[in-house]
Each structure stands twice: as C-alpha cells, then as structure tokens.
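A.B. asks:
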Amino acid sequence: MTAHTLLLVDDDPAVHELLAAVLRRPDWHIESAYDGLEGLARAKARSYDLVLTDVRMPGMDGLELLHQIREIRPEAKVMVMTADSTPANIVRAIRDQAFSYFSKPFSPSAVADMIAQAVNTGHWQDDIEVLSATPQWISLRLRCKMETADRLMQFVREIEMDFPPHDRENIAAAFRELLMNAIEHGGGSDPDKRVQVTYVRTTRAIIYLIQDPGKGFSFDDIAHAAIANPPGEPAKHLEIRAEQGVRPGGFGILLTRNLVDELIYSEKGNEVLFIKYLK
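Residue numbering for the sequence shown follows the numbering used here, starting at 60 and increasing by one per position.
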C-alpha cells in the first residue's frame, strides 16, 4: 500500500498531535514543520499529496506560504487553517487556489473528510476559476462537479462567520440547495460545463447570484420539485424523482424561500438571486 504524504505546517504542537491522531492510519505519512520558512523548504525539497498550513506563524505566514507553494508546485493541494480568520484572509486563500479553508477550533471529522476528498480528487486546479476576489465582491466559475461544490461550501461557511450560527446555517443550506440544482439540473453534472457564482456584501445585505449553463425552467413544469406538490400530497415529487432516476431531494426552492429574505429567478430560469438582509 502506498502511503499518502502530508506536510503539516503549524507552530502549535497541539495541532500536530490532534491531526496525527485523526490520521493515525498505515496509509498516511505525516511530516511536520513548525514555521512557514521550514514548511517552504520542505515543499521545495519534495512534493506532498497535501499541505495543511496555519496562517499566523513565525518567519512566513501561511497565506504567503500558500502563494509560494503555488509558484513552485502549481499542482500542490494546500488547505489553510487559522484562529485569525477574516474575509480578507479567505479571499487570499481563494485567489491562490487553496483546496479548502477552516477556522480554528475546527471539527476534526470535517477536516478529515476534506483531507480524504483532497487526496482522492484528481484533476482539480481549474475547478474553481476566480473572476473577482474582494471581501465585498467574489465572483467564481466552477466546474459542474459535486466535489467542487463541497469545496466551495466550506468557503461559504467561513466567509459568513460573523453571522449568528442560526443565520449562517440557513444561508449555507439555501446556497447549497441552489448550487446543487444549478450543477445537477442546469449543468447536467457535466464537468466540461461551468456554473458562475457571485457573492456581494453591502452594508445592509448579502446577495448571491447563481448562473447555470442550462436552458432554464418554468415553474409550471417542475413536477420533480416539492414546490409543485399538489395540496395534500407533500411527498408526490419524491415519487416522480424516483421514476426519473434523480437523487432524493427536490426541496431546494421551497426550502430556500423559507431560509432567505428574497428569492428571484430570471425570466429564463437559469439564474437565481437570493438576498439575506443584515439586521
């Protein structure tokens, strides 16, 4: 069995102990560095299946380390983790193609799941294309792949960390449903097609616009969605989805309408905008 190689760069020994415990399996080989310069030297000396780096460290911070690794090893997968998360840090991580981003304290199981996804993902470098990246305006084009949606969801959860937990989870749930619909129905889960996602934050609201490459839809012709269920038959759409061979679900539009303040579709139906007002 060939072991996966992981470089952990963090000045906190407790983090090394935690992740070593999470990944204590024979198919993992973990190397440790305790500052950014040491991490960069190791990354120059050899390639790793994955690099996990903290942000605030002596010598060189983790975001500069990410940037330097991207210059010397553009294929490298780097995950960022930090106790000092800010929108600006998240935007830098997105721009330099971090595979994922976690705030400390993080869930060990969530990090382990993302690590597993990272090492099992093949072609990935252009899965997320950055069109604009500022804390107030982020615009991305992503391949119609479910694993790419999972990666993006983690960034979405992080960028709304200043929201109350209930609102943050509502926004994430609404965004995930609409993004999955765009990938699955609009893009046909075809990795050669792309969905465009734009996030805008104003002083009074956050706005998401999701644009898919599909032909759109009419609300009169979506029997596979819960919003179209006839009175007294709340699960009718599940029967239709099963007949069509579509994954269980179909609650996206109905759910999202209850989670955000405004939900607006374009005339064609392949663009959707949702708004959550800041209280």
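Idealized CB from N, CA, C, for every residue including glycine. None of these values were measured; they are calculated from a predicted model.
Count the CB pairs spanning the segment 99 to 113 and the segment 62 to 74 that are closer than 8 Å, and state whether there are at least three.
C.D. replies: Flag = yes, the segment 99 to 113 and the segment 62 to 74 touch.
A.B. asks: Would you kindly work out how many angstroms separate the C-alpha atoms of Arg-84 and Val-319, rounded to a whole number?
C.D. replies: In a straight line, the C-alpha of Arg-84 is about 42 Å away from that of Val-319.
A.B. asks: Measure the Cβ-Cβ separation of Asp-155 and Cys-203 and say whether it is below 8 Å.
C.D. replies: Not in contact: Asp-155 and Cys-203 (Cβ atoms no closer than 8 Å).
A.B. asks: How should Ser-144 be labelled, buried or exposed, when 16 other C-beta atoms within 10 angstroms of its C-beta is the threshold for buried?
C.D. replies: The residue in question, Ser-144, is buried, as its Cβ has 16 or more Cβ neighbours within 10 Å.
A.B. asks: Let me confirm a value: Tyr-267 is counted as buried when at least 16 other C-beta atoms fall within 10 Å, else exposed. Which label applies?
C.D. replies: Tyr-267 is buried by the Cβ-count criterion.
A.B. asks: Taking the alpha helix (DSSP H) that Lys-103 falls in, what are its first and last residues?
C.D. replies: First-last of the alpha helix (DSSP H) with Lys-103: 95 to 104.
A.B. asks: With a Cβ-Cβ cutoff of 8 Å, do Met-212 and Arg-227 count as a contact?
C.D. replies: Their beta carbons are not under 8 Å apart, which means Met-212 does not touch Arg-227 by this criterion.
A.B. asks: Across the segment 112 to 130 and the segment 183 to 201, are there enough close Cβ pairs to call them in contact, namely three or more that are closer than 8 Å?
C.D. replies: Segments in contact, no.
A.B. asks: State the Cα-Cα distance for the pair Pro-164 and Ala-142, rounded to the nearest angstrom.
C.D. replies: Spanning the two alpha carbons is a distance of roughly 7 Å.
A.B. asks: Under a three-way DSSP split, which group does His-63 fall into?
C.D. replies: Three-state DSSP puts His-63 in a strand.
A.B. asks: Taking 8 Å as the cut-off, decide whether the C-beta atoms of Val-331 and Ile-230 are in contact.
C.D. replies: In this structure, Ile-230 does not lie closer than 8 Å to Val-331 by Cβ.
A.B. asks: Do Lys-335 and Ile-265 count as a contact pair if the criterion is CB distance below 8 Å?
C.D. replies: Closer than 8 Å, so yes.
A.B. asks: Got a sec, what are the start and stop residues for the alpha helix (DSSP H) Met-173 sits in?
C.D. replies: Looking at the DSSP string, the run of the alpha helix (DSSP H) that includes Met-173 is 167 to 179.
A.B. asks: Report yes if the C-beta distance between Ala-157 and Met-138 is below 8 Å; otherwise report no.
C.D. replies: Their beta carbons are under 8 Å apart, which means Ala-157 touches Met-138 by this criterion.
A.B. asks: To the nearest angstrom, report how far apart Val-215 and Asp-69 are at their CA atoms.
C.D. replies: Their Cα atoms are separated by approximately 24 Å.
A.B. asks: Counting along the chain, where does the alpha helix (DSSP H) carrying Leu-82 start and finish?
C.D. replies: Run containing Leu-82: none; DSSP gives neither H nor E here.
A.B. asks: Count the other CB atoms within 10 Å of the CB of Arg-253; is the residue buried (16 or more) or exposed (fewer)?
C.D. replies: Buried is the call here.
A.B. asks: If you count every other CB in all the chains shown that lies within 10 Å of the CB of Lys-274, and 16 or more means buried, which is it?
C.D. replies: Label assigned to Lys-274: exposed.
A.B. asks: What do you get for Asp-186, buried or exposed, if any count of 16 or more other CB atoms within 10 angstroms of its CB means buried?
C.D. replies: By the neighbour-count rule (16 or more Cβ atoms within 10 Å), Asp-186 is buried.
A.B. asks: Please confirm whether Ile-242 and Met-205 have their CB atoms less than 8 Å apart.
C.D. replies: Closer than 8 Å, so yes.
A.B. asks: Give me the Cα-Cα distance between Met-220 and Lys-327, rounded to the nearest whole angstrom.
C.D. replies: Distance between the alpha carbons of Met-220 and Lys-327: 33 Å.
A.B. asks: For a test of the three-state rule: what should DSSP assign to Gln-184, helix, strand or coil?
C.D. replies: Coil.
A.B. asks: Between Thr-262 and the rest of its own chain, which residues show a CB-CB distance below 8 Å, the 5 nearest in sequence each way excluded?
C.D. replies: Only Leu-337 meet the Cβ criterion.
A.B. asks: Please work out which residues of its chain come closer than 6 Å, Cβ to Cβ, to Leu-314, disregarding the five sequence neighbours upstream and downstream, and give them in chain order.
C.D. replies: Glu-236.
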